[in-house]
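See structure below.
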Amino acid sequence: MMTVNNKTTELDTLVVGAGFAGIYQLYTLRKLGYSVRVIDKAGGVGGTWYWNRYPGAMSDSESFVYRFTWDREDLRTYPWSNRYLQGPEIRQYLEHIVDRHDLRKDIQLDTELLGADWDAEQNKWRVTTTTNEVFVVRYLITALGLLSTAKLPNIPGLDEFQGEICHTSAWREDFDLTDKRVGILGNGSTGVQVITDIASRVKSLVSFQRSPQYSVPSGNGPVSPEYRQGLNEKYDEIVESLPKTATCFGFTESTVPYASVDPDKREHIFQSLWDQGNAFRFMFEGFSDISTNKEANEAACTFIKSKIAQIVTDPEKARKLMPREPYARRPLCDGGYYKQFNRPNVDIVNLRDAPIEHISATGIKTSDGQFYELDTLILATGFEAVEGSYTRVQLHGRSGESLADHWKNGPTSYLGSFVPGFPNLFLISGPQGPFANAPPNIETQVKLNTELIQRAEKLRATGTVAVIEAVPEAEADWGGHCNELAQATLFPLIPSWIFANVPGAPRPIPRFFLGGVANFITILDGVVQAGYDGFAAPLGNGRKDVCNGPSKNGSLENVTLEKGTVEAALA
Ligand code: NA7
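Residues in the sequence shown are numbered consecutively from 1, following the numbering used here.
Laid out in structure tokens, this is it:
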């Protein structure tokens, strides 16, 4: 029998994941003098952008806000040339940050987290990885990403397909689509980007769509040196404004309800949003209630549908591309998606009209008897979102309960990061954290983690053992608050990765805090001011009624809830 000699490494903190979150967390903790290492299963930094190398991969947050805000000099000097960053540019940017701040020496690549167990005697996590190294650490910070476990479709015959097949998050760079007959499953953000990018160079492209979606122009294009200069001059102002907004996309969300606007001006507002581009602007900058009020939402739907009808010349293709649902998913934007369907080599199959019957060695057969011969099948079928990032690892808390077991009734946390029974564990972008532009959103969470660790370490220096642990009531209160906020929107009307469907639960459970970053920060301030409300003593005050305290002020202010709309639709 072979004996494996494990190497044990003791550290203050282990961070798992070398994307935006892991990199910033490493930076903050190292600056404070703590011993910290980042591990990542990838062979490079970048997190989600390391893996998602599919054609057309682009962030749809604008370039000026898709970066760290804490390095003001770099904000002004790092070059970028378009309104949005492509995937490779984001990887290069993160590589640059890692080098600029000399972080690479504490990043250990090709090392996958397998599991971790809380040792209640030592108050430490014992972490196992795919290398033979065991980490014994006081703090374990998981920065695994919201969307990192690929979701593969369960379609009869998928395994029989003899052509090339690839999920977009496992894209091989030698995957050549030139002159191929390509089928693509999925038309979320990823599918829309892939279709737009490859339509012109493949022999044929069939987009198999279960739920056609609303997409608006991104408005991508080069930025002028004058634009960049102007931006540089007001970067401080921009950075300070971001946490005062709900989505942190670099604009201020409207406070004007649709119904209050003169009917003659409404169309003009939609048109100017369409002309300007950007999905989140379209949903949140023109009117305050597109995502919360049925009439406002229907108006946005009608506007986008009229654009689809204008752009797509074949009425049958246009019919199939028309969304049949409210505009209540993560909003999408594109660089000319709908017009790709005017190409003779591009077609759409609406799977609600004709579901897939099976996949064979050579293609896809739908229930209307059609057979689509394919050389290549692209799966743009999304991710096991949020808690799905944790299903492949074994994390056991104080009682031995696994995180997966803890979430058997739905993914929950306190403040998006803390789970009772899992002391000194921090989930960056964990369940029920804010839904917003990732880098600034992550910065807020990293700052909170860092502050809590400092507080615990100060207590430890005085001889007081203090773990950072949410009390169960805080988690329950937070979950209730997230649910209340979600029900005040139209998002629960649509099954999407924003919600988890838990068997037996009366309604889908929100995977996010939909109250916006500004309100989230107000809540965090309230938590801190109240003596670390909702965290167990001695670090916190151990209070139970977290959301009834000063933090309650942070509810979604602009929501105009149509009472009963969501309940009725879900009944
Ligand atoms: P999404 O947004 O979850 O989209 C997945 C797409 O795949 C969506 O169109 C799904 O249709 C479709 N899908 C999933 N399973 C199937 C099966 N079995 N058959 C047919 N179609 C299927 O993932 P993305 O990767 O596009 O985007 C994820 C986020 O990453 C994105 O929003 C950014 O924030 C970054 P459905 O809608 O479920 O009918």
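No residue lacks a Cβ here, since even glycine has one placed at the ideal position from N, Cα and C. Because the structure is a prediction, the values reported are computed rather than measured.
Residue i CB to nearest heavy atom of the ligand NA7 below 6 Å
| i | result |
| --- | --- |
| Arg210 | yes |
| Pro411 | no |
| Asn501 | no |
| Ser63 | no |
| Asn187 | yes |
| Gly183 | no |
| Pro153 | yes |
| Trp497 | yes |
| Gly335 | no |
| Arg651 | Nothing can be reported for residue 651, as the shown portion of the chain is limited to 1 through 571. |
| Leu147 | yes |
| Gly382 | yes |
| Thr247 | no |
| Thr196 | no |
| Thr190 | yes |
Extent of the continuous alpha helix (DSSP H) to which residue i belongs
| i | result |
| --- | --- |
| His268 | 263-276 |
| Pro51 | Checking the sequence, you will find Trp at residue 51 rather than Pro. That run of the alpha helix (DSSP H) goes 48-51. |
| His481 | 472-487 |
| Leu321 | 315-321 |
| Leu26 | 20-31 |
| Tyr93 | 87-100 |
| Pro439 | 438-461 |
| Gly230 | 225-233 |
| Asp405 | 403-406 |
| Phe371 | From DSSP, Phe371 is part of no alpha helix (DSSP H) but of the beta strand (DSSP E) over 371-373. |
| Asp74 | 72-77 |
Nearest to residue i (by Cα), restricted to the options the options
| i | options | result |
| --- | --- | --- |
| Asn342 | Tyr258, Asp314, Glu325 | Asp314 |
| Ala119 | Leu140, Val346, Ser189 | Here residue 119 is Asp; the residue named in the question, Ala, does not match the sequence. Out of Leu140, Val346, Ser189, Leu140 has the C-alpha closest to the C-alpha of Asp119. |
| Gly397 | Arg91, Trp49, Gly115 | Gly115 |
| Thr48 | Phe383, Trp478, Val192, Gly516 | Phe383 |
| Ile523 | Trp497, Pro510, Trp478 | Trp478 |
| Lys447 | Glu233, Leu427, Phe435, Arg83 | Leu427 |
| Lys151 | Glu173, Ile378, Ser429, Asn424 | Ile378 |
| Thr247 | Glu285, Asn424, His101, Ile195 | Glu285 |
| Tyr50 | Ala18, Gly430, Lys265, Ala279 | Ala18 |
| Leu205 | Arg181, Tyr227, Lys365 | Arg181 |
| His481 | Pro420, Glu469, Tyr414, Arg324 | Tyr414 |
| Val45 | Ile290, Glu226, Leu26, Asp334 | Leu26 |
| Gln193 | Asn123, Thr292, Phe535, Val216 | Val216 |
| Glu73 | Glu62, His101, Asp60 | His101 |
| Gly363 | Glu373, Phe535, Gly369, Asp60 | Glu373 |
| Ala122 | Leu177, Ala466, Pro492, Ala537 | Here the sequence assigns Gln to residue 122, which means Ala is not the residue at that position. Closest option to Gln122, Cα to Cα, is Ala466. |
| Asn278 | Ile509, Gly515, Ser61, Lys31 | Ser61 |
| Leu514 | Ala505, Arg507, Ala536, Phe491 | Phe491 |
| Ser35 | Pro326, Glu457, Arg330, Tyr227 | Glu457 |
| Thr129 | Ile90, Arg104, Ile39, Gly183 | Ile39 |
| Asp347 | Leu403, Lys320, Arg324, Ala536 | Lys320 |
Proximity below 7 Å, CB of residue i to CB of residue j
| i | j | result |
| --- | --- | --- |
| Asp106 | Arg53 | no |
| Leu351 | Phe208 | yes |
| Lys244 | Ala518 | yes |
| Leu332 | Ser189 | yes |
| Arg460 | Tyr235 | no |
| Ala488 | Gly410 | no |
| Asp12 | Arg138 | yes |
| Gly56 | Asp197 | yes |
| Pro440 | Leu242 | yes |
| Leu14 | Val136 | no |
| Tyr84 | Asn220 | yes |
| Ser59 | Trp80 | no |
| Gly416 | Gly430 | yes |
| Ala296 | Tyr258 | yes |
| Leu146 | Val502 | no |
| Ser288 | Thr255 | yes |
| Glu484 | Pro423 | no |
| Gly531 | Thr376 | no |
| Thr149 | Val16 | no |
| Gln631 | Ala199 | Coverage of the chain is limited to positions 1 through 571, which leaves residue 631 absent and any answer about it impossible. |
Residue range of the beta strand (DSSP E) that includes residue i
| i | result |
| --- | --- |
| Val349 | 346-350 |
| Ile523 | Unbroken run through Ile523 is the alpha helix (DSSP H), 517-529; no beta strand (DSSP E). |
| Lys305 | First-last for Lys305: 294-311, but that is the alpha helix (DSSP H), not the beta strand (DSSP E). |
| Ala209 | The question names Ala, yet the displayed sequence has Gln at residue 209. Looking at the DSSP string, the run of the beta strand (DSSP E) that includes Gln209 is 204-209. |
| Ala170 | Taken as a continuous stretch (DSSP letters only), Ala170 belongs to no beta strand (DSSP E), as it is neither H nor E. |
| Val15 | 7-16 |
| Val38 | 36-39 |
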